[in-house]
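2 protein chains.
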Amino acid sequence: MQNLDSKIIRPTLLLDKAKCIANIETMQAKAKRSNTRLRPHFKTHQSAEIGEWFKERGVEAIAVSSMQMAEYFANNGWKDITVAIAVNVREIDLINELASKIQLNLVVESQETIAFLQSELKHAVDVFIKVDTGYQRSGMPAEATGSIRLLINLMDESDKLNCKGFLAHTGHNYQASDQKEIYKNHSKTLLDLNELKDVFRKEIPGLEVSLGDTPACSISDEFYGIDEIRPGNFVFYDIMQYVLGSCNEDQIAVVMACPVIARNIDRNELVIHGGGVHFSKEYLEADDEGTKLFGSIVRITKNGWSEIIGGGYLASLSQEHGIIRCSDELFDEFVIGDLIGILPVHSCMTANLMGRFMTTEGEWIETMNSKQ
Amino acid sequence: MQNLDSKIIRPTLLLDKAKCIANIETMQAKAKRSNTRLRPHFKTHQSAEIGEWFKERGVEAIAVSSMQMAEYFANNGWKDITVAIAVNVREIDLINELASKIQLNLVVESQETIAFLQSELKHAVDVFIKVDTGYQRSGMPAEATGSIRLLINLMDESDKLNCKGFLAHTGHNYQASDQKEIYKNHSKTLLDLNELKDVFRKEIPGLEVSLGDTPACSISDEFYGIDEIRPGNFVFYDIMQYVLGSCNEDQIAVVMACPVIARNIDRNELVIHGGGVHFSKEYLEADDEGTKLFGSIVRITKNGWSEIIGGGYLASLSQEHGIIRCSDELFDEFVIGDLIGILPVHSCMTANLMGRFMTTEGEWIETMNSKQ
Chain A
1 MQNLDSKIIR PTLLLDKAKC IANIETMQAK AKRSNTRLRP HFKTHQSAEI
51 GEWFKERGVE AIAVSSMQMA EYFANNGWKD ITVAIAVNVR EIDLINELAS
101 KIQLNLVVES QETIAFLQSE LKHAVDVFIK VDTGYQRSGM PAEATGSIRL
151 LINLMDESDK LNCKGFLAHT GHNYQASDQK EIYKNHSKTL LDLNELKDVF
201 RKEIPGLEVS LGDTPACSIS DEFYGIDEIR PGNFVFYDIM QYVLGSCNED
251 QIAVVMACPV IARNIDRNEL VIHGGGVHFS KEYLEADDEG TKLFGSIVRI
301 TKNGWSEIIG GGYLASLSQE HGIIRCSDEL FDEFVIGDLI GILPVHSCMT
351 ANLMGRFMTT EGEWIETMNS KQ
Chain B
1 MQNLDSKIIR PTLLLDKAKC IANIETMQAK AKRSNTRLRP HFKTHQSAEI
51 GEWFKERGVE AIAVSSMQMA EYFANNGWKD ITVAIAVNVR EIDLINELAS
101 KIQLNLVVES QETIAFLQSE LKHAVDVFIK VDTGYQRSGM PAEATGSIRL
151 LINLMDESDK LNCKGFLAHT GHNYQASDQK EIYKNHSKTL LDLNELKDVF
201 RKEIPGLEVS LGDTPACSIS DEFYGIDEIR PGNFVFYDIM QYVLGSCNED
251 QIAVVMACPV IARNIDRNEL VIHGGGVHFS KEYLEADDEG TKLFGSIVRI
301 TKNGWSEIIG GGYLASLSQE HGIIRCSDEL FDEFVIGDLI GILPVHSCMT
351 ANLMGRFMTT EGEWIETMNS KQ
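Residue numbers (full-length UniProt numbering), protein chains in the order written: chain A, 1 to 372; chain B, 1 to 372.
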């Protein structure tokens, strides 16, 4: 086994393939136990190669967060893709191109979009109605069955839009203050989707309901009536999910390895090369005084990383610099040129920015964001 | 003139070339008036093509924020590049490669790094000592003349490290609460750099001092004793700089154009395709209650954009979605499929994420972050 330390030159997102695959298998096993389909959301890794790890384990259907991401995965052999964001009508050419090649599933929430698609689509697509079960980002309110029926009626008259069912995202689970709140939000989503199913079952043959969010899919074992789950972040997890209780520390499958470039002994601060262009600027509030935490510290080992080290945290980020605030002991442990590991707050944002990952075996994994 | 609206399919960073060039010329004129050199920081645009706009106006020396950015601009004809971040010793191979080709200027702040470079450099480089004038991110405290002298003595003994002078970044200006605070911070940096110049003038022939930050370089006309200024963000400006008073609204040279994908009439919210992977998640606090503002709203016109529209702002971002909170009037103005313009909070982060820009003439400008 080669020493990882010798392979890392600059800020690098390390990926522990074994942990990642264990996360995939755990979620796949839970879906099977719960008689629901795992349609993993690929927005977190955005990588054809990591997609193969799912495919090898029987996954055939995926969700993505943009039409361009759908195009990338369609070009990499995926035949059943849900674009889990309301249709951007300006992308009609790409929609038509993809709909001619694969089973493309779209998401709508307005009469205007349905009318546009009916007019402009060249191929039939399956369509989910986005419903809002409390996140208040987008979607028809789940209780607005009258308005929802109008959308369904419009699609009934259409020869191109096949209404497939309802899709919800319990996104407010990411802001939950404790697990109880996640259970509560999740229960509301389950209730809402099952009620919609009851109301529209007769009108929509083969009606399906789809829900997705890593916190509930990780924490709950209850998915009655749910046809598919669409978690994404679980493939890597991160500090936000660890704090929410979605994962154990050792399920976090990615860590940023950053070189120490300066040390400030007066403030017990290590300066790393690693900033907002690597991590993103997402943070957690570490206490009631609003102390910002941009990541937790680990040691990079020969072939992976240690448990979280107490006594320090990533306290601030500018474009390329990060500041690690340290105890005396932690400060003394690191010299200039050393690597320090940082578990990211939000792996989706960090992975998107980094564009490629190095496995703990030292191999590069490319994504749709790999640079020229 | 073609209509911009017909060219934009998905979230697009629009660049007004005329405004951008005016920003360059204004800063260049100020540098000339102040008898200082403009060494623009290219971390904001990261684009060889935009670099040419500077070159055509007589700029020959630049700053960058990473060694890879130095490599990119060296490959695009730049011969005098300061990498304005403490040396990452792991990049020694790239440092040696670049030092063999161009005038490479490095930044150090520790004896360890100097000793490493003396041992490993294959070519002579100019070196600036990073000094901290109050930002408390990195650098030797400006008043620590004893410790600074130790670094200079080490370089005196070196045949490869030519100590060129001192480099400071008044980064705390980005957090200033008003212009008075920016003037105060800037004055402290001027005082510190001039004092260092007085102390070490005899020991370092041709000693130079370099300072950089867009707020002070935009607001102040006072640069006595300063050999060069290194502002970066001024090339585009953004809402953060507008709020700080660094620029007028019509100097902001970039805007995100995002399609409206949904409308929520109950909450007067427009949902756009445009999220954290486009804007970054930087925000400003819009009031004392901590209301987050992720961008200000403009109308996209045939060949540019309007003034800021009252009655709405970009209120939240997830990975691909943005939520615009609206007055009744603003809400009624936009339908699904329309473009809405958003002046970004921090153009450096947004430009870095977007990777390419469309000019208001409809031409694409590539950067070192353009994707495959």
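Idealized CB from N, CA, C, for every residue including glycine.
Being a predicted model, the structure only gives us computed values, none of them experimental.
- Query: Does the Cβ of residue 206 of chain A have 16 or more other Cβ atoms within 10 Å, making it buried, or fewer, making it exposed?
  - Reply: Position 206 of the first sequence, counted from the start, is the residue given in the question as residue 206 of chain A. In this structure residue 206 of chain A is exposed. Its beta-carbon is surrounded by fewer than 16 other beta-carbon atoms within 10 angstroms.
- Query: Can you find a C-beta in chain B that's less than 8 Å from the C-beta of residue 319 of chain A?
  - Reply: If you number the first sequence from 1, residue 319 of chain A lands on position 319. Closer than 8 Å to some Cβ of chain B, the Cβ of residue 319 of chain A qualifies, so yes.
- Nearest to residue 247 of chain A by CA position, among A:219, A:12, A:329 and A:257, is which residue? Looking up residue 247 of chain A in the first sequence gives position 247. Here the closest residue by C-alpha is A:219.
- Taking residue 256 of chain B and residue 295 of chain B to be in contact with their CB atoms under 8 Å, please state how far apart those CB atoms are, rounded to whole angstroms. Taking the first residue of the second sequence as position 1, residue 256 of chain B is located at position 256. Taking the first residue of the second sequence as position 1, residue 295 of chain B is located at position 295. Confirmed, about 7 Å.
- Query: Quick one: is residue 323 of chain B near chain A, going by C-beta distance under 8 Å?
  - Reply: Position 323 of the second sequence, counting from 1, holds the residue named residue 323 of chain B. Chain A contact via Cβ: present.
- Residue span of the alpha helix (DSSP H) that contains residue 242 of chain B, given as start and end: On the second sequence, residue 242 of chain B is found 242 positions in, with the first residue counted as 1. Unbroken alpha helix (DSSP H) run through residue 242 of chain B: 239-244.
- Message: Run through chain B and tell me which residues come within less than 7 Å of residue 262 of chain A, C-beta to C-beta.
- Response: Sequence index remark: in the first sequence, residue 262 of chain A carries index 262 (1-based). In chain order: 86, 109, 110 and 138.
- Query: At least one CB of chain B closer than 8 Å to the CB of residue 39 of chain A: is that the case?
  - Reply: Translated into the one-based positions of the first sequence, residue 39 of chain A becomes position 39. Residue 39 of chain A does not count as touching chain B.
- Message: For the beta strand (DSSP E) containing residue 194 of chain A, name the first residue and the last one.
- Response: Mapped onto the first sequence, residue 194 of chain A falls at position 194. Segment 179-200 is the alpha helix (DSSP H) holding residue 194 of chain A; no beta strand (DSSP E) there.
- Message: To test your reading of the DSSP string, which unbroken alpha helix (DSSP H) runs of 4 or more residues are found completely within the UniProt domain "D-serine dehydratase-like" (253-361) of chain A?
- Response: 276-279, 328-333 and 347-354
- How far does the beta strand (DSSP E) with residue 212 of chain B in it reach, from first residue to last? Counted from its first residue, the second sequence places residue 212 of chain B at position 212. Note, residue 212 of chain B: beta strand (DSSP E), 208-212.
- Message: Within 10 Å of its beta-carbon, does residue 90 of chain A have 16 or more other beta-carbons around it, so buried, or fewer, so exposed?
- Response: Numbered from its first residue, the first sequence carries residue 90 of chain A at position 90. Looking at its Cβ environment, which holds 16 or more other Cβ atoms inside 10 Å, residue 90 of chain A is buried.
- Item | Exposure of residue 123 of chain B, with buried meaning 16 or more beta-carbon neighbours within 10 Å | Sequence index remark: in the second sequence, residue 123 of chain B carries index 123 (1-based). Looking at its Cβ environment, which holds fewer than 16 other Cβ atoms inside 10 Å, residue 123 of chain B is exposed.
- Query: If residue 313 of chain A sits next to residue 286 of chain A, beta carbons under 8 Å apart, how far is it from one beta carbon to the other, in whole angstroms?
  - Reply: As a first step, residue 313 of chain A is located in the first sequence; it is residue number 313 there, counting from the start. As a first step, residue 286 of chain A is located in the first sequence; it is residue number 286 there, counting from the start. That belief holds up - the Cβ atoms of residue 313 of chain A and residue 286 of chain A are roughly 7 Å apart, short of 8 Å.
- Is residue 163 of chain A helix, strand or coil when you go by DSSP? In the first sequence, counting from the first residue as 1, residue 163 of chain A sits at position 163. Of the three classes helix, strand and coil, the one that applies to residue 163 of chain A here is strand, per DSSP.
- Item | Sequence-distant residues of its chain with Cβ nearer than 6 Å to residue 370 of chain A (five each side left out) | In the first sequence, the residue the question calls residue 370 of chain A occupies position 370. Excluding sequence neighbours, residue 370 of chain A sits near 355 and 356.
- Is the shortest distance between the beta-carbon of residue 90 of chain A and the beta-carbons of chain B less than 8 Å? Your numbering for residue 90 of chain A matches position 90 in the first sequence. It does: the Cβ of residue 90 of chain A has a partner Cβ on chain B nearer than 8 Å.
- Should residue 271 of chain A be flagged as near chain B, meaning a C-beta pair shorter than 8 Å? For the purposes of this step, residue 271 of chain A is taken as the residue at position 271 of the first sequence. Closer than 8 Å to some Cβ of chain B, the Cβ of residue 271 of chain A qualifies, so yes.
- Message: Tell me the residue span of the beta strand (DSSP E) that contains residue 13 of chain B.
- Response: For the purposes of this step, residue 13 of chain B is taken as the residue at position 13 of the second sequence. Its beta strand (DSSP E) spans residues 12-15.
- Environment of residue 238 of chain B [buried if 16+ CB atoms lie within 10 Å]: Here residue 238 of chain B refers to the residue found at position 238 when the second sequence is read from its first residue. With a 10 Å radius around the Cβ and a threshold of 16 neighbouring Cβ atoms, residue 238 of chain B comes out buried.
- Task: With a floor of 3 residues, list each beta strand (DSSP E) that falls wholly inside the segment 13-75 of chain A, ordered by position along the chain.
- Result: With a minimum length of 3 residues, the continuous beta strand (DSSP E) runs that stay inside the segment 13-75 of chain A are 62-64.
- Identify which residue in A:275, A:44, A:13 and A:223 has its Cα closest to the Cα of residue 317 of chain A. Along the first sequence, one-based indexing puts residue 317 of chain A at 317. By alpha-carbon distance to residue 317 of chain A, the top candidate from A:275, A:44, A:13 and A:223 is A:275.
- Item | Alpha-carbon to alpha-carbon, residue 67 of chain A and residue 97 of chain A | Reading the first sequence from its first residue, position 97 is the one you call residue 97 of chain A. Reading the first sequence from its first residue, position 67 is the one you call residue 67 of chain A. About 11 Å.
- Query: From B:254, B:272, B:165 and B:262, pick the residue whose C-alpha is nearest to that of residue 373 of chain B; which is it?
  - Reply: Examination of residue 373 of chain B is not possible in this model, given that chain B is present from 1 through 372 alone.
- Could you name each continuous beta strand (DSSP E) segment of 3 residues or more that falls completely within the segment 94-138 of chain B, going from the start of the chain to the end? 103-108 and 125-132
- Look up residue 80 of chain A in the DSSP assignment and say whether it is helix, strand or coil. As a first step, residue 80 of chain A is located in the first sequence; it is residue number 80 there, counting from the start. Strand, per DSSP.
- Item | Length of the line joining the Cα atoms of residue 215 of chain B and residue 57 of chain B | Looking up residue 215 of chain B in the second sequence gives position 215. Looking up residue 57 of chain B in the second sequence gives position 57. When rounded, the distance between both Cα atoms is 22 Å.
- Task: Provide the residue(s) that pair with residue 141 of chain B in DSSP beta bridges, ordered along the chain.
- Result: Counting from one through the second sequence, the residue named residue 141 of chain B turns up at place 141. In DSSP, residue 141 of chain B forms a bridge with B:132.
- Give the secondary structure of residue 176 of chain A by DSSP, where H, G and I count as helix, E and B as strand, and everything else as coil. Stepping through the first sequence from its first residue, residue 176 of chain A is reached at position 176. Residue 176 of chain A falls in the coil class under three-state DSSP.
- Do residue 350 of chain B and residue 121 of chain B come within 8 Å of each other at the CB atom, strictly closer than that value? What you label residue 121 of chain B is simply residue 121 of the second sequence in a count that begins at 1. What you label residue 350 of chain B is simply residue 350 of the second sequence in a count that begins at 1. Between residue 121 of chain B and residue 350 of chain B, the gap from beta carbon to beta carbon reaches 8 Å or more.
- Task: Just the chain A side, please: which residues come within less than 9 Å of residue 43 of chain B by C-beta, in chain order?
- Result: As a working note, residue 43 of chain B is residue 43 in the second sequence. Here the neighbours are 277, 319 and 320.
- How about residue 102 of chain B and residue 108 of chain B: are their beta carbons less than 8 Å apart? For the purposes of this step, residue 102 of chain B is taken as the residue at position 102 of the second sequence. For the purposes of this step, residue 108 of chain B is taken as the residue at position 108 of the second sequence. In this structure, residue 108 of chain B does not lie closer than 8 Å to residue 102 of chain B by Cβ.
- Is residue 9 of chain A helix, strand or coil by DSSP? Residue mapping note: residue 9 of chain A aligns to position 9 of the first sequence, counting from 1. Residue state, collapsed to three classes: coil.
- Message: Residues of chain A with CB closer than 9 Å to the CB of residue 335 of chain B, please, in chain order.
- Response: Stepping through the second sequence from its first residue, residue 335 of chain B is reached at position 335. Near residue 335 of chain B (Cβ distances below 9 Å), the residues of chain A are 112.
- Task: Measure the alpha-carbon distance for residue 65 of chain B versus residue 87 of chain B and round it to whole angstroms.
- Result: Along the second sequence, read from residue 1 onward, the residue named residue 65 of chain B stands at position 65. Along the second sequence, read from residue 1 onward, the residue named residue 87 of chain B stands at position 87. Taking the straight line from one Cα to the other gives about 10 Å.
- Item | Under the three-state DSSP convention, the category residue 226 of chain A falls into | The residue you call residue 226 of chain A lines up with position 226 of the first sequence. Note: residue 226 of chain A maps to coil in three-state DSSP.
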